[in-house]
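Notes follow the structure.
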Amino acid sequence: MSRPILECLAGIALLSIMDALIKGLVATLPVVEVAFLRYVVGSCVMAAIAAIQQPGWPRPDTVRANALRAVLVVVTATCFFYGLGVLPLAEALILSFVSPLFTALLAVLLLGERLSARILLAIAAGFGGVLVIVLGSQGAWGEGASGATRAHSLWGVAAVLVSALTYSASNVLLRARAQRDPVILIVLIQNVAPALMLAVPAWLFWRMPNAGEAARLALVGALGVAGHLCLARAYAGAEAIRLAPLDYTALVWAVLIGFFAFAEVPTLWAVTGAVLILAGAFAGSRRRA
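Just so you know, we're using our numbering here: the sequence shown kicks off at 2 and counts up by one.
In C-alpha cells form, the structure reads like this:
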C-alpha cells in the first residue's frame, strides 16, 4: 500500500475521532464557538510546528489561494458541526459521501471536463440515496414527533449537504496548491484564517467552557491538525481521484463510534441510502477504462 494512501487513511481516522468529540461538544456549546476554538488550538499547534520546520514566508499567491480555501473550510466546518449536533453520527457521514459527486460536477463547471453517461448515472444514484435518507429522517421520528424536531432534522440534512459541496471545492483547491506550496503553510493558513473569520461570531454566542469541555476542545484542535497534515501530504503525493474513495472508510469509524459512544444504530433508511450513495460515488470516481 502506497504512502499517500496510508496517510489518507490515517487522516480520515483522526478526523472521524475528531467528529465524534465535536458531536458531544455541540450538544452543550454553540456551534460557532466550537468551530472557532477548534481553529484557535489548531493555529497554536501549527505555529509551533512552523517555528520548528521554518517553511519560510508564504508568497502572495499562496496566501490568496489558501485564504479562499479557508472560506470554504469555515463553511464546511460550521455546517457539518451543526449537522453532527442534530443527526446521528453515521447518518451525517453517509450524507457527506455525496462529495465525490459534487467534485465531478465542479470538474465539469470549473474545469470544462466532459460529463459522461457514467457520471450522470453516478450523480443520480447519489442524490437518490440522499432522498432516501431525507425521507427516513422524517419518518424515523414518528407521527408524534414535534414539528421542531422534524425541522431540525431537515436543517441538519441541508447543512451536511452544503458542507459536502464546500468540502469538494476545498479539496479541488487543495490538490492544486499541495503541488506548489509547503504542506506546513497550507495547514497553518487553513487554521489561522478560519480562526480570524470566526472570532466575532464566536464572541457573540460565547459560553465559557468548563474544564472537561476545554480539554476536549484542545484534543479536537490537535486531532484536526494531525488529520489535515496527513491529508495534505496525501494529496501532494497522489491524484484526488485515487484518494476520493478512501473517504468512505469514515463510515466504518462513524458506525463504530456512534454505536459505542452514542448508542446509535443506523436505520434501514440510512443503510439503503448509504448503498445508493456509495455505489454512485464509487462509479463516479473510477478511472475511465
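The C-beta atom is built at its ideal place from N, Cα and C for all residues, glycine as well.
Helix or strand or just coil, what does DSSP make of residue i?
{"i": "A11", "result": "helix"}
{"i": "F37", "result": "helix"}
{"i": "M209", "result": "coil"}
{"i": "P31", "result": "coil"}
{"i": "S3", "result": "coil"}
{"i": "T167", "result": "helix"}
{"i": "W142", "result": "In this prediction, W142 scores a pLDDT of 45, lower than 50, which makes its location untrustworthy; no coordinate-derived value is stated."}
{"i": "R65", "result": "helix"}
{"i": "V266", "result": "coil"}
{"i": "R181", "result": "coil"}
Is residue j closer than 8 Å to residue i when the C-beta atoms are compared?
{"i": "S169", "j": "S100", "result": "yes"}
{"i": "A233", "j": "V42", "result": "no"}
{"i": "L85", "j": "A165", "result": "no"}
{"i": "A196", "j": "Y40", "result": "yes"}
{"i": "A160", "j": "C80", "result": "yes"}
{"i": "P56", "j": "L186", "result": "yes"}
{"i": "W254", "j": "V133", "result": "no"}
{"i": "A235", "j": "E8", "result": "yes"}
{"i": "G130", "j": "L88", "result": "no"}
{"i": "L73", "j": "S171", "result": "yes"}
{"i": "A239", "j": "P5", "result": "yes"}
{"i": "F37", "j": "A275", "result": "no"}
{"i": "A264", "j": "I190", "result": "no"}
{"i": "V163", "j": "F82", "result": "no"}
{"i": "V184", "j": "A237", "result": "yes"}
{"i": "R198", "j": "V64", "result": "Sequence inspection shows Met at residue 198; the Arg mentioned does not correspond to that position. Not closer than 8 Å, so no."}
{"i": "T77", "j": "T167", "result": "yes"}
To the nearest whole angstrom, what separates the beta carbons of residue i and residue j, a pair I think is in contact under 8 Å?
{"i": "R68", "j": "L174", "result": "Looking at the sequence itself, residue 68 is Ala, so the reference to Arg does not match. No, A68 and L174 are not in contact; Cβ-Cβ is about 11 Å, not under 8 Å."}
{"i": "I13", "j": "A251", "result": "5 Å"}
{"i": "F206", "j": "E34", "result": "6 Å"}
{"i": "M47", "j": "V226", "result": "6 Å"}
{"i": "P210", "j": "L30", "result": "6 Å"}
{"i": "L15", "j": "G228", "result": "4 Å"}
{"i": "A126", "j": "L244", "result": "That belief does not hold up - the Cβ atoms of A126 and L244 are roughly 21 Å apart, past 8 Å."}
{"i": "V193", "j": "S44", "result": "5 Å"}
{"i": "E214", "j": "L94", "result": "Going by Cβ atoms, the distance from E214 to L94 rounds to 23 Å, so no, they are not a contact pair."}
Could you spell out where the alpha helix (DSSP H) holding residue i opens and where it closes?
{"i": "G57", "result": "It is not in any alpha helix (DSSP H) - G57 carries neither H nor E in the DSSP assignment."}
{"i": "R234", "result": "212 to 238"}
{"i": "S97", "result": "90 to 97"}
{"i": "F263", "result": "250 to 263"}
{"i": "A203", "result": "184 to 205"}
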